[in-house]
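Worksheet: the structure to be examined is printed underneath.
Number of protein chains: 2
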Amino acid sequence: MRSAEFDKEKVLRSAMNAFMHKGYAKTSMQDLKKATGLHPGSIYCAFENKRGLLLAALEQYRLDRKAEFEQYFSGTQPTLDNLKAYLDNVVAECISCDSAQACLLTKALNEISDQDTEIQQIISDNLSMLQQALAEKFELAKSEKALSEQKDSDHLARYFLMGIYGLRTFAHTHPEAKVLEQLAEQLYADICA
Amino acid sequence: MRSAEFDKEKVLRSAMNAFMHKGYAKTSMQDLKKATGLHPGSIYCAFENKRGLLLAALEQYRLDRKAEFEQYFSGTQPTLDNLKAYLDNVVAECISCDSAQACLLTKALNEISDQDTEIQQIISDNLSMLQQALAEKFELAKSEKALSEQKDSDHLARYFLMGIYGLRTFAHTHPEAKVLEQLAEQLYADICA
DNA sequence: TCTCTTCTTGAATGTTCGTTCAAGATACGC
DNA sequence: GCGTATCTTGAACGAACATTCAAGAAGAGA
Numbered sequence: 022m023r024s025a026e027f028d029k030e031k032v033l034r035s036a037m038n039a040f041m042h043k044g045y046a047k048t049s050m051q052d053l054k055k056a057t058g059l060h061p062g063s064i065y066c067a068f069e070n071k072r073g074l075l076l077a078a079l080e081q082y083r084l085d086r087k088a089e090f091e092q093y094f095s096g097t098q099p100t101l102d103n104l105k106a107y108l109d110n111v112v113a114e115c116i117s118c119d120s121a122q123a124c125l126l127t128k129a130l131n132e133i134s135d136q137d138t139e140i141q142q143i144i145s146d147n148l149s150m151l152q153q154a155l156a157e158k159f160e161l162a163k164s165e166k167a168l169s170e171q172k173d174s175d176h177l178a179r180y181f182l183m184g185i186y187g188l189r190t191f192a193h194t195h196p197e198a199k200v201l202e203q204l205a206e207q208l209y210a211d212i213c214a
Numbered sequence: 022m023r024s025a026e027f028d029k030e031k032v033l034r035s036a037m038n039a040f041m042h043k044g045y046a047k048t049s050m051q052d053l054k055k056a057t058g059l060h061p062g063s064i065y066c067a068f069e070n071k072r073g074l075l076l077a078a079l080e081q082y083r084l085d086r087k088a089e090f091e092q093y094f095s096g097t098q099p100t101l102d103n104l105k106a107y108l109d110n111v112v113a114e115c116i117s118c119d120s121a122q123a124c125l126l127t128k129a130l131n132e133i134s135d136q137d138t139e140i141q142q143i144i145s146d147n148l149s150m151l152q153q154a155l156a157e158k159f160e161l162a163k164s165e166k167a168l169s170e171q172k173d174s175d176h177l178a179r180y181f182l183m184g185i186y187g188l189r190t191f192a193h194t195h196p197e198a199k200v201l202e203q204l205a206e207q208l209y210a211d212i213c214a
């Protein structure tokens, strides 16, 4: 026996970055080779093909984001404060990173959309999971009496997610902190109102 | 002398559709030939290359959308009603069309982003124009006493646009009329509140 | 009707792409 | 320390790509 020499998570995160910056179609195997340090043969051995690498990268992205999300709600602060912090982090990401630091899920969703129903389904499922997780947080906020019982948590989660999508796209044309922060502020206010 | 045989607007709208459905990178010249009915030579003669065709298509898209926008505000109804109608139309587009009927501008913005600063600039400028046009409508609504003078029209325009971006992305995973209409409803309410 | 000019056509070009595979390298079991 | 199973390497492959161009088709002017 002999085990593989590369760190799978590291490779997948490099691939994620490559896909996020150039998009799936424009990222060539040569780009992936440069990004991951793996030779084509190894990539094909480990992930079957370019599409398999994208699938694995999407799964890694899901795990990373899930861990990140849960970290935001692990403390003892009021749930709504955690939600605001989470939103502020989205804004910070939009500003700080190189301009193309979008979410891999939405980036891939926009690009692949109709052409690959399986990937489309995976992405939709992932985003639905995030939506579900958000809805649970809104339920939690209601139980903390920080949010009116009248509110529909599912609707709030959808609206919140819609806002995040919008923010990310908006950031492409207006990467100015002040403007994005103001938008996030209103989004949060409208949800808590 | 002999004039060209094809209808430039028709060709550009066909190209627009092709680019919107498959994205720029994935749309091959063969696809464009099929979509436009033009042979490669003619395309290169008229638009220099594939990128030139995208530029021309973007310009045509801008003109079409500008005309569409102005039509929504040509009547004598209150401006806010027109805005709501405009928003409802966005939602209707998200639902009715084949799932990939996004906005060419945002689609291209998401895909090309960093790789072509000239196209990035053109798209940003176009979206800024729409934002500016929206801000003027909010100003108009204020003068009609339908909106508080306290409100910042520029901010409202940005928030409205953010919502539209978000709606379009959201529609990719939830193409259900009821959900999208509910989101649009709240967006409108939050802006007018 | 003939000629000139311009447009149209689609096969050919060189390049780049995703993918394969056989040869070489390396760690593990004995 | 040897044999072997497995991983790594990178050259090679056909396919598909954007682009070119020379030959053919067709309107305009006489």
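So the protein lines, in turn, are chains A and B.
For what it's worth, this note's numbering labels the leading residue of the first sequence as 22, then goes sequentially.
For what it's worth, this note's numbering labels the leading residue of the second sequence as 22, then goes sequentially.
C-beta atoms are modelled at their ideal positions from N, C-alpha and C, and glycine is treated no differently.
A Cβ-Cβ distance of about 6 Å is found for the pair B:Arg179 and A:Leu204, placing them in contact under the 8 Å criterion.
Distance from B:Glu132 to B:Tyr45 at the Cβ level is roughly 6 Å; contact confirmed, criterion being Cβ atoms closer than 8 Å. Minimum Cα-Cα distance from A:His193 among the listed residues A:His176, A:Ala129 and A:Val112 corresponds to A:Val112. For the options A:Arg72, A:Met50 and A:Met150, the alpha carbon positioned closest to that of A:Gly62 is the one of A:Met50. The C-beta separation of B:Asp173 from A:Asp211 comes to about 15 Å, leaving the pair out of contact by the 8 Å criterion. In this structure, the beta-carbon distance from A:Ala67 to A:Ala36 does not fall below 7 Å.
A:Lys163 carries a helical assignment under DSSP once its states are collapsed to helix, strand and coil.
A buried status is given to A:Phe40, since no fewer than 16 other beta-carbon atoms sit within 10 Å of its beta-carbon. Listed by position along chain A, the residues whose Cβ is nearer than 9 Å to that of B:Leu104 form an empty set, because the closest Cβ is around 17 Å away. In chain order, Val111 place their CB closer than 6 Å to the CB of B:Ile185, counting only its own chain and leaving out the 5 sequence neighbours on each side.
The residues Glu165 and Ala167, in chain order, have a CB closer than 7 Å to that of A:Pro99 in the same chain once the five nearest residues on each side in sequence are set aside.
In terms of beta-carbon proximity, B:Leu201 stays away from the interface with chain A, with every pair separated by 7 Å or more. The C-alpha of B:Gln207 is placed about 43 Å away from the C-alpha of A:Asp52. Residues Val112 and Ile116 of the same chain have their beta carbon placed closer than 8 Å to that of B:Ala198, with the five preceding and five following residues left out of the count. DSSP places A:Tyr186 inside the alpha helix (DSSP H), whose first and last residues are Ser174 to Thr194.
Within the same chain, Cβ atoms closer than 7 Å to the Cβ of A:Ala123 are found at Met41 and Arg189, the five residues on either side in sequence being excluded. Rounded to the nearest angstrom, the gap between the Cα atoms of B:Glu80 and B:Lys87 is 11 Å. Against A:Phe191, the close residues of chain B are Arg179, Leu182, Met183 and Tyr186, in the order they occur along the chain (beta-carbon pairs closer than 8 Å). Contact between A:Asp175 and A:Ala156 holds, with the beta-carbon distance rounding to 5 Å and staying under 8 Å.
Here B:Gln152 is buried, its C-beta having at least 16 other C-beta atoms within 10 Å.
By the neighbour-count criterion, in which 16 or more other beta carbons inside 10 Å mark a residue as buried, A:Leu84 falls on the exposed side. Scanning its chain for C-beta atoms nearer than 7 Å, with the 5 sequence neighbours on each side dropped, one finds around A:Leu59 the residues Phe27 and Val32, in chain order.
Counting every other CB atom within 10 Å of its CB across the protein chains shown gives B:Ala129 a total of 16 or more, marking it as buried.
Assignment of B:Ala123 by DSSP, reduced to helix, strand and coil, places it in the coil class.
The C-beta separation of A:Phe94 from A:Lys158 comes to about 6 Å, placing the pair in contact by the 8 Å criterion.
Annotation: the continuous alpha helix (DSSP H) that includes B:Phe90 extends over Lys71 to Tyr93. According to the DSSP assignment, A:Gln203 belongs to the alpha helix (DSSP H) that extends over Ala198 to Cys213.
B:Asp102 and B:Gly96 have their C-alpha atoms some 10 Å from each other.
Counted as a single uninterrupted DSSP element, the alpha helix (DSSP H) harbouring A:Phe68 occupies residues Pro61 to Phe68. Setting aside the 5 residues that flank it on each side, B:Glu30 is surrounded in the same chain by Gln81, each with a C-beta closer than 8 Å to its C-beta; the list follows chain order. For the segment 35-61 of chain A, residues whose beta-carbon sits nearer than 8 Å to a beta-carbon of chain B comprise His42, Lys43, Gly44, Ala46 and Lys47. Taken through DSSP and simplified to helix, strand or coil, B:Gln141 comes out as helix. The same chain holds no residue with a CB closer than 6 Å to that of B:Tyr65 once the five nearest residues on each side in sequence are set aside. Listed by position along chain B, the residues whose Cβ is nearer than 8 Å to that of A:Thr194 are Leu130, Ile144, Ser145, Leu148 and Ser149. A direct Cα-Cα distance of roughly 30 Å separates A:Phe181 from B:Glu91. The three-state reading of DSSP puts B:Leu168 in coil, since its state is none of H, G, I, E or B.
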